[in-house]
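Novice: In my numbering, the protein residues as written are 5 to 425.
C-beta: ideal position from N, C-alpha, C; glycine also.
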Amino acid sequence: MVNSYKSSLVADQFGAAHLIWAVPDDATYYYSRWNGEEWTTPIDVIAIPGDGELVGVPELVAASDGKLHLFWALENIMHSWAWADAADSARAWSTPEVIVFPEGFGAGPMGAREDLIGGLHLVYAVGRGNVYYVHSDDGLHWSEPSIVSQVIPDVNTSAPKLDIGQDGRVHVVWNEWPTDGGPAQSNQVYYTHSADGGETWTSPRQLGGLADSGGNVLADEKGTVYLAWQAGISSSSEGRFLQRSTDGGDNWETPVNFGRLKGQSGAPSMALDSAGTLHLITGDGEYVYWDSQGISQPLDLRPLYEQTENSRLVVVHGNQVLAVIIPFFSEGLYYSVRQLPLPAAPADKPPMQVTHAVTSTVVAEVTPIPTGVAIATVSHSIASATTDRPRGSFVPALLLSVGLSLLLVVTVFIGQTSRRR
Numbered sequence: 005m006v007n008s009y010k011s012s013l014v015a016d017q018f019g020a021a022h023l024i025w026a027v028p029d030d031a032t033y034y035y036s037r038w039n040g041e042e043w044t045t046p047i048d049v050i051a052i053p054g055d056g057e058l059v060g061v062p063e064l065v066a067a068s069d070g071k072l073h074l075f076w077a078l079e080n081i082m083h084s085w086a087w088a089d090a091a092d093s094a095r096a097w098s099t100p101e102v103i104v105f106p107e108g109f110g111a112g113p114m115g116a117r118e119d120l121i122g123g124l125h126l127v128y129a130v131g132r133g134n135v136y137y138v139h140s141d142d143g144l145h146w147s148e149p150s151i152v153s154q155v156i157p158d159v160n161t162s163a164p165k166l167d168i169g170q171d172g173r174v175h176v177v178w179n180e181w182p183t184d185g186g187p188a189q190s191n192q193v194y195y196t197h198s199a200d201g202g203e204t205w206t207s208p209r210q211l212g213g214l215a216d217s218g219g220n221v222l223a224d225e226k227g228t229v230y231l232a233w234q235a236g237i238s239s240s241s242e243g244r245f246l247q248r249s250t251d252g253g254d255n256w257e258t259p260v261n262f263g264r265l266k267g268q269s270g271a272p273s274m275a276l277d278s279a280g281t282l283h284l285i286t287g288d289g290e291y292v293y294w295d296s297q298g299i300s301q302p303l304d305l306r307p308l309y310e311q312t313e314n315s316r317l318v319v320v321h322g323n324q325v326l327a328v329i330i331p332f333f334s335e336g337l338y339y340s341v342r343q344l345p346l347p348a349a350p351a352d353k354p355p356m357q358v359t360h361a362v363t364s365t366v367v368a369e370v371t372p373i374p375t376g377v378a379i380a381t382v383s384h385s386i387a388s389a390t391t392d393r394p395r396g397s398f399v400p401a402l403l404l405s406v407g408l409s410l411l412l413v414v415t416v417f418i419g420q421t422s423r424r425r
């Protein structure tokens with residue numbers, strides 16, 4: 005069974021997408037790469053000493069210099085990296101190193117992004133404590149943590165996410181709830197931003213109402229900022245929500261309720277295509293897009309009609325929407341592709357690789373994937389016919405042929421080990 009909570013999906017600027025995930029009771033990260041048509045054979049790339057429960061929630065960043073950065077939290081914030089086009093080899097990944105020593109237990113998940121000049125930015129929460137922000141010019145040397153939100157005693161914080169605007173503003177969302185109440189009943193989602201590199205932050209503003217959760221944020225190159233969150237199971241409202249600011253997060257439009265479901269399912273995942281249209285999938289597998297004519301009707305992408313959490317979405321090449329859906333009780337990962345009638349964004353050529361030494365201190369011998377595991381070929385066609393619709397209606401402008409193909413079934417193999425090269 006795949007742990008949907010412990011997964012991360014990113015697209016790079018070279019025309020590929022990268023997926024990493026963990027399996028319950030298996031202290032290992034698995035990796036596969038999408039090249040626009042198919043997935044590479046899954047491989048376990050990093051093993052964590054100790055119990056499988058110690059494997060933190062991964063956060064991937066596909067950097068503009070061709071590196072793929074992986075962050076996760078144990079008691080400390082850990083970091084490893086590989087060249088993106090070689091990441092399907094365990095030997096390509098650097099030895100994991102501690103980059104932040106939190107003043108308390110470093111909770112996951114966290115948020116990480118690259119800015120326009122190659123700097124890395126990270127936010128994390130410390131359980132019963134504050135939300136913190138750090139940044140680095142090279143991924144090796146990190147700033148001292150600055151406090152994003154200083155909470156009162158007996159308040160839990162979790163699941164911070166961030167994005168970086170064109171103007172360098174750092175946008176952050178996170179969850180809070182009192183320690184004497186459960187998150188399902190008393191969680192609140194907050195947003196803030198910093199215009200001076202994390203030195204100061206605007207006063208936090210609450211998104212939605214009591215018991216809402218799972219916030220995420222995305223900033224585009226024109227200064228528009230999108231916020232997305234969900235109504236929790238105990239919320240007085242229901243649905244999934246989007247809110248937009250066109251001035252970098254200073255002023256906000258009225259939230260739009262686009263979903264049909266209720267309950268906690270993980271933060272919505274968002275990405276922009278080359279035309280500036282926003283694409284979003286909720287944790288429970290509902291897909292929508294938001295263009296100049298409004299928000300489309302939700303489309304349920306679940307391959308199985310059962311509980312689904314932490315679905316992921318990226319846009320590859322500027323014109324291909326890739327969603328990864330993980331049914332909660334399923335033995336596998338599923339994916340769906342929507343090809344947009346847009347020209348592909350120019351893909352950069354991966355830079356010259358510089359090798360780095362990898363020791364066996366933390367990167368353990370990897371186990372071969374069982375021969376019975378296979379990645380199914382995508383055999384469906386993607387319809388791209390357009391339809392006319394009045395402004396503000398909810399009929400999708402593009403017909404979507406949903407292809408749900410079994411990506412893989414993960415089985416922990418105990419036996420002979422070998423190092424993947």
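Is DSSP giving A77 helix, strand or coil here?
Specialist: Position 73 of the sequence shown, counted from the start, is the residue given in the question as residue 77. The answer is strand: DSSP assigns A77 an E or B state.
Novice: Can you have a look at D277 and say buried or exposed, based on whether 16 or more other CB atoms are within 10 angstroms of its CB?
Specialist: Here residue 277 corresponds to residue number 273 of the sequence shown, with the count starting at 1. That one is buried.
Novice: Here's the rule I'm using: 16 or more other beta-carbon atoms within 10 Å means buried, otherwise exposed. How should S12 be labelled?
Specialist: As a first step, residue 12 is located in the sequence shown; it is residue number 8 there, counting from the start. Under this definition S12 is a buried residue.
Novice: Any idea if E310 is buried or exposed, counting beta-carbon neighbours within 10 angstroms, 16 or more meaning buried?
Specialist: Looking up residue 310 in the sequence shown gives position 306. With fewer than 16 other Cβ atoms within 10 Å, it is exposed.
Novice: I'd like the span of the beta strand (DSSP E) that includes E101, first residue to last.
Specialist: As a position in the sequence shown, residue 101 is number 97, starting the count at 1. Counting along the chain, the beta strand (DSSP E) containing E101 begins and ends at 101 to 104.
Novice: Indicate the three-state DSSP secondary structure (helix, strand or coil) for R316 in the structure shown.
Specialist: In the sequence shown, residue 316 corresponds to position 312, counting from 1. It is a strand residue.
Novice: Report the rounded CA-to-CA distance for S93 versus F105, giving the unit in angstroms.
Specialist: What you label residue 93 is simply residue 89 of the sequence shown in a count that begins at 1. What you label residue 105 is simply residue 101 of the sequence shown in a count that begins at 1. Their backbone Cα atoms lie some 28 Å apart in a straight line.
Novice: Does at least one heavy atom of the ligand GDP sit under 6 Å from the Cβ of D304?
Specialist: Annotation note on the ligand GDP: not contained in the displayed structure, which lists no ligands.
Novice: Among the candidates P62, G212, L344, V221, whose CA atom is the shortest distance from the CA of H197?
Specialist: Locating residue 197 in the sequence shown gives position 193, where the first residue counts as 1. Among P62, G212, L344, V221, the Cα nearest to that of H197 belongs to V221.
Novice: Which word fits S249, buried or exposed, when buried means at least 16 other C-beta atoms lie within 10 angstroms of its C-beta?
Specialist: Translated into positions along the sequence shown, residue 249 becomes position 245. Looking at its Cβ environment, which holds 16 or more other Cβ atoms inside 10 Å, S249 is buried.
Novice: Who are the Cβ neighbours of V183 in its own chain at under 8 Å, not counting the five residues just before and after it?
Specialist: Reading the sequence shown from its first residue, position 179 is the one you call residue 183. According to the sequence as given, residue 183 is Thr; it is not Val. Same-chain partners within the cutoff: R132, D158, V159, N160.
Novice: Would you kindly report the start and end of the unbroken beta strand (DSSP E) that includes Y291?
Specialist: Indexing the sequence shown from 1 puts residue 291 at position 287. Where Y291 is concerned, the enclosing beta strand (DSSP E) stretches over 290 to 295.
Novice: What's the C-alpha gap between W97 and H83?
Specialist: As a position in the sequence shown, residue 97 is number 93, starting the count at 1. As a position in the sequence shown, residue 83 is number 79, starting the count at 1. Going from the Cα of W97 to the Cα of H83 covers about 10 Å.
Novice: Quick check: the Cα distance between D251 and Q170, rounded to an integer number of angstroms?
Specialist: Your numbering for residue 251 matches position 247 in the sequence shown. Your numbering for residue 170 matches position 166 in the sequence shown. Cα to Cα, the separation comes out at about 12 Å.
Novice: Can you list, in chain order, the residues of its chain with a C-beta nearer than 6 Å to that of A90? Leave out the 5 residues immediately preceding and following it.
Specialist: Locating residue 90 in the sequence shown gives position 86, where the first residue counts as 1. Cβ within range, chain order: A96.
Novice: If you count every other CB in all the chains shown that lies within 10 Å of the CB of T258, and 16 or more means buried, which is it?
Specialist: Position 254 of the sequence shown, counting from 1, holds the residue named residue 258. With fewer than 16 Cβ atoms within 10 Å of its Cβ, T258 is classed as exposed.
Novice: Which full runs of the beta strand (DSSP E) of 3+ residues lie inside the region 12 to 63, going along the chain?
Specialist: List check, beta strand (DSSP E) in window: 21 to 27, 30 to 38, 47 to 51.
Novice: Which residue comes first and which comes last in the beta strand (DSSP E) that contains T258?
Specialist: Against the sequence shown, residue 258 aligns to sequence position 254. It is not in any beta strand (DSSP E) - T258 carries neither H nor E in the DSSP assignment.
Novice: I'd like the span of the beta strand (DSSP E) that includes N160, first residue to last.
Specialist: Position 156 of the sequence shown, counting from 1, holds the residue named residue 160. Unbroken beta strand (DSSP E) run through N160: 159 to 168.
Novice: Using 10 angstroms around the beta-carbon of A387, count the other beta-carbons present and answer buried if the total reaches 16, otherwise exposed.
Specialist: Position 383 of the sequence shown, counted from the first residue, corresponds to residue 387. Here A387 scores only 28 on pLDDT, less than 50, and its place in the model should not be relied on; the value that follows carries that caveat. Exposed: under 16 other Cβ atoms inside 10 Å.
Novice: Sorted by chain position, which residues of the same chain lie with C-beta nearer than 8 Å to S241's C-beta, five sequence neighbours on each side aside?
Specialist: Along the sequence shown, read from residue 1 onward, the residue named residue 241 stands at position 237. Answer for S241: G212, G213, D216, A235, N261, listed in chain order.
Novice: For N255, count neighbouring C-beta atoms within 10 Å of its own C-beta (all shown protein chains included) and say buried if the count is 16 or more, exposed if not.
Specialist: Start at 1 with the first residue of the sequence shown, and residue 255 comes out as number 251. The residue in question, N255, is exposed, as its Cβ has fewer than 16 Cβ neighbours within 10 Å.
Novice: Following the continuous beta strand (DSSP E) through F332, name the residue where it begins and the one where it ends.
Specialist: Stepping through the sequence shown from its first residue, residue 332 is reached at position 328. Element bounds for F332: n/a, residue is neither H nor E.
Novice: Less than 7 Å separating the beta-carbons of G115 and K165?
Specialist: Residue numbering aside, residue 115 sits at position 111 when the sequence shown is read from its first letter. Residue numbering aside, residue 165 sits at position 161 when the sequence shown is read from its first letter. Their beta carbons are under 7 Å apart, which means G115 touches K165 by this criterion.
Novice: Measuring straight from C-alpha to C-alpha, what distance separates P394 and S296?
Specialist: Walking along the sequence shown from the start, residue 394 turns up at place 390. Walking along the sequence shown from the start, residue 296 turns up at place 292. Since pLDDT at P394 reaches only 27, below the 50 mark, its modelled position is unreliable, and the value read off the structure follows with that caveat. One C-alpha to the other measures close to 11 Å.
Novice: How is the beta strand (DSSP E) around R209 delimited, first residue to last?
Specialist: Within the sequence shown, residue 209 is the residue found at index 205, counting from 1. Element bounds for R209: 209 to 211.
Novice: In the DSSP assignment, find the unbroken beta strand (DSSP E) run with P182 in it and report its ends.
Specialist: The residue given as residue 182 occupies position 178 in the sequence shown. From DSSP, the beta strand (DSSP E) with P182 extends over 174 to 182.
Novice: On the criterion of 16 or more Cβ atoms from any shown chain inside 10 Å, does A290 qualify as buried, or is it exposed?
Specialist: Taking the sequence shown and counting its residues from 1, one reaches residue 290 at position 286. Before going on, a small fix: residue 290 reads as Glu here, not Ala. Under this definition E290 is a buried residue.
Novice: Pick out the complete beta strand (DSSP E) segments inside the region 123 to 160, 3 residues or longer, and give them in chain order.
Specialist: Those beta strand (DSSP E) runs which fall completely within the region 123 to 160 and span 3+ residues are 124 to 129, 135 to 140, 150 to 153.
Novice: Given L126, which residues of its chain have a CB within under 6 Å of its CB, disregarding the five upstream and five downstream residues?
Specialist: Start at 1 with the first residue of the sequence shown, and residue 126 comes out as number 122. Closer than 6 Å at Cβ, skipping near neighbours: A116, V138.
Novice: What is the DSSP secondary structure of D216, reduced to helix, strand or coil?
Specialist: The count along the sequence shown starts at 1 and reaches residue 216 at position 212. In this structure, D216 counts as strand in the three-state DSSP scheme.
Novice: Would you call the CB atoms of A51 and D16 closer than 7 Å?
Specialist: Position 47 of the sequence shown holds residue 51. Position 12 of the sequence shown holds residue 16. The answer is no: Cβ separation not under 7 Å.
Novice: Between V176 and V152, is the Cβ-Cβ spacing less than 7 Å?
Specialist: Here residue 176 refers to the residue found at position 172 when the sequence shown is read from its first residue. Here residue 152 refers to the residue found at position 148 when the sequence shown is read from its first residue. Going by C-beta atoms, V176 is nearer than 7 Å to V152.
Novice: Less than 7 Å between the beta carbons of L317 and A275, yes or no?
Specialist: In the sequence shown, residue 317 corresponds to position 313, counting from 1. In the sequence shown, residue 275 corresponds to position 271, counting from 1. Going by C-beta atoms, L317 is nearer than 7 Å to A275.
Novice: Alpha carbon to alpha carbon, how far is Y195 from Y33? Give it in angstroms, no decimals.
Specialist: Stepping through the sequence shown from its first residue, residue 33 is reached at position 29. Stepping through the sequence shown from its first residue, residue 195 is reached at position 191. Near 30 Å, if we compare the C-alpha coordinates of Y195 and Y33.
Novice: Just tell me which of W294, T99, A351 has its CA closest to the CA of V49.
Specialist: Taking the sequence shown and counting its residues from 1, one reaches residue 49 at position 45. If we check each option's Cα against that of V49, T99 comes out closest.
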